[in-house]
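Asks: Residue numbers (the working numbering): 393 to 752. Note that beta-carbon positions come from the ideal geometry of N, C-alpha and C, so glycine has one too.
Structure follows, in C-alpha cells:
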C-alpha cells in the first residue's frame with residue numbers, strides 16, 4: 393500500500409513537472425507569434441534582418457502548439473474519456489473559435505460566401521481545402537487541431553499499443569495523401585504537422601519524453617540535433633508553403649521536434665524559479681484568446697486600411713500585442729472559464745492554457 397502511494401505520488405510529480413515546462417513552452421510560442429505577425433522581420437541592423445528565417449519561426453511556434461495538443465489529448469482521454477473530452481473542447485475551444493470567425497468576418501471581411509462560412513464554422517476547411525475553400529488566416533490552426541483530435545481521438549479509442557498506433561497513423565496519412573492527389577482535398581499543412589502532433593501523442597503514451605528531455609552532456613546532444621535539423625530545413629524553407637513533398641515534411645518534422653526537445657531541456661533549468669514561472673504562466677493562460685484575437689484587436693485599434701511605414705506599423709503592432717492583447721486575453725480567458733464553470737457546475741483547478749484547457 394505504501395509503495396502504491398509512493399508510486400502514485402511520483403507519477404503525479406512527474407506530470408506536474410511536465411506541465412510546468414509546457415506552460416513556459418506555450419508562453420514562448422505565443423510571444424513568438426506576436427513577434428511573427430507583428431512584423432519583427434521589418435527591423436534591420438544594417439543589411440541584416442530575420443526575414444530569411446520567417447517560415448522557420450512559424451513552423452516552430454505552430455508546431456509547438458500542435459505537439460502540446462497531441463500530448464494533452466492522450467492525458468485528457470485517459471482521465472476523462474473521449475466523450476467528456478469532446479464536451480470540454482466544444483465549450484472551451486469551439487465556441488471561442490466561432491466568435492473569432494465572426495470577428496474576422498466583421499473586421500476583415502474574411503468571407504461573405506455562405507458555403508465558406510459554413511465550412512469554417514464546422515472546422516472542416518483544412519480537409520476541404522484547396523478544392524472547396526481557402527483557410528482563414530490564423531484560424532486555420534484551430535481547424536487543423538480539431539481534425540487531428542478527430543483522427544487521433546478515434547485511433548486512441550481503439551488502439552492501445554504505441555507501435556500499432558504509429559502504424560495506423562501512417563496508414564491514415566497515406567489515405568489523406570491519396571485523397572489530396574485524387575480530389576484536391578486536405579490542405580498541405582495537414583501533412584506538414586501531422587507527425588508533430590503524432591509525436592506528442594506517442595510521447596504521452598510512453599516514457600520517452602523523460603528520457604529524451606534530460607540535461608546530460610550539457611545539452612550538446614540536443615544542440616547537435618537542432619543544428620542538423622536547421623541545416624537540413626534552411627535550404628528547403630522556400631518550399632514550405634509549396635505542395636506536399638516527403639523531404640520537406642521530414643525536414644519540418646525533424647526541425648520542430650528537435651527544437652521542442654532542446655527548448656524543454658533548457659526549461660528544466662529555469663522552471664523551478666518561481667518568478668520566471670509566474671510570469672510565463674500568465675502569458676500561457678492568455679495564449680488561446682491571444683491567438684484567436686490578436687489580429688482582430690490590431691484591426692480594431694489601428695484599422696485595416698491604415699497606411700503607415702512598415703517599421704512604424706510593426707512598432708504599433710508589437711506594443712499593442714504585448715501590452716494590450718496579452719492582458720486583455722488573460723482576463724477574457726479567466727472570465728470565460730468562470731462562466732463555463734458556472735454553467736457546468738465545475739470548479740477550475742488551474743487557469744486555462746492554450747492549446748489544452750488546464751491540466752488534463
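What are the residues that DSSP puts in a beta bridge with residue 440?
Replies: DSSP lists 437 as partners of residue 440.
Asks: Taking DSSP as the reference, what is the three-state secondary structure of residue 660?
Replies: Of the three classes helix, strand and coil, the one that applies to residue 660 here is coil, per DSSP.
Asks: How is residue 516 classed by DSSP in three states: helix, strand or coil?
Replies: The answer is coil: DSSP assigns residue 516 none of H, G, I, E or B.
Asks: Please state if the CB of residue 571 and the CB of residue 753 are separated by a distance shorter than 8 Å.
Replies: Because residue 753 is not part of the residues shown, which for the chain are 393 to 752, the question remains open.
Asks: Quick check: the Cα distance between residue 663 and residue 467, rounded to an integer number of angstroms?
Replies: So the alpha carbons of these two residues sit roughly 21 Å apart.
Asks: Can you check whether the CB of residue 545 is closer than 8 Å to the CB of residue 756?
Replies: In this structure the chain extends from 393 to 752, so residue 756 is not present and cannot be described.
Asks: For residue 575 and residue 523, which I take to be in contact (beta-carbon distance under 8 Å), what is that distance rounded to the nearest angstrom?
Replies: That belief holds up - the Cβ atoms of residue 575 and residue 523 are roughly 7 Å apart, short of 8 Å.
Asks: Is residue 669 buried or exposed, if buried means 16 or more other CB atoms sit within 10 Å of its CB?
Replies: Burial call: buried.
Asks: Between the alpha carbons of residue 734 and residue 483, how many angstroms are there, rounded?
Replies: Their backbone Cα atoms lie some 12 Å apart in a straight line.
Asks: Nearest to residue 720 by CA position, among 736, 737, 730 and 681, is which residue?
Replies: Closest by alpha carbon: 681.
Asks: Residue range of the alpha helix (DSSP H) that residue 669 falls in?
Replies: First-last of the alpha helix (DSSP H) with residue 669: 666–694.
Asks: From which residue to which residue does the alpha helix (DSSP H) around residue 581 run?
Replies: 580–597 is the span of the alpha helix (DSSP H), which, as asked, contains residue 581.
Asks: Considering only C-alpha positions, which residue in the set 492, 471, 493 and 500 is nearest to residue 695?
Replies: The shortest Cα separation from residue 695 among 492, 471, 493 and 500 belongs to 500.
Asks: Answer with buried or exposed for residue 512, where buried requires no fewer than 16 other C-beta atoms within 10 angstroms of its C-beta.
Replies: Label assigned to residue 512: buried.
Asks: Do the stretch 434–446 and the stretch 692–707 touch if we need at least three Cβ pairs shorter than 8 Å?
Replies: The stretch 434–446, when compared against the stretch 692–707, does touch it at the 8 Å Cβ threshold.
Asks: Using DSSP with H/G/I as helix, E/B as strand and the rest coil, what is residue 713?
Replies: Reduced to three states, the DSSP call for residue 713 is helix.
Asks: Are there 16 or more other CB atoms within 10 angstroms of the CB of residue 687, so buried, or fewer, so exposed?
Replies: Result: buried.
Asks: For the alpha helix (DSSP H) that contains residue 496, what are its first and last residues?
Replies: Counting along the chain, the alpha helix (DSSP H) containing residue 496 begins and ends at 487–500.
Asks: Is the separation between the beta-carbon of residue 520 and that of residue 493 shorter than 8 Å?
Replies: Against a cut-off of 8 Å, the Cβ pair of residue 493 and residue 520 comes out as no contact.
Asks: For residue 689, I'd like the list of residues in its chain whose CB is within less than 8 Å of its CB, leaving aside the five on either flank, ordered along the chain.
Replies: 712, 716, 717 and 720.
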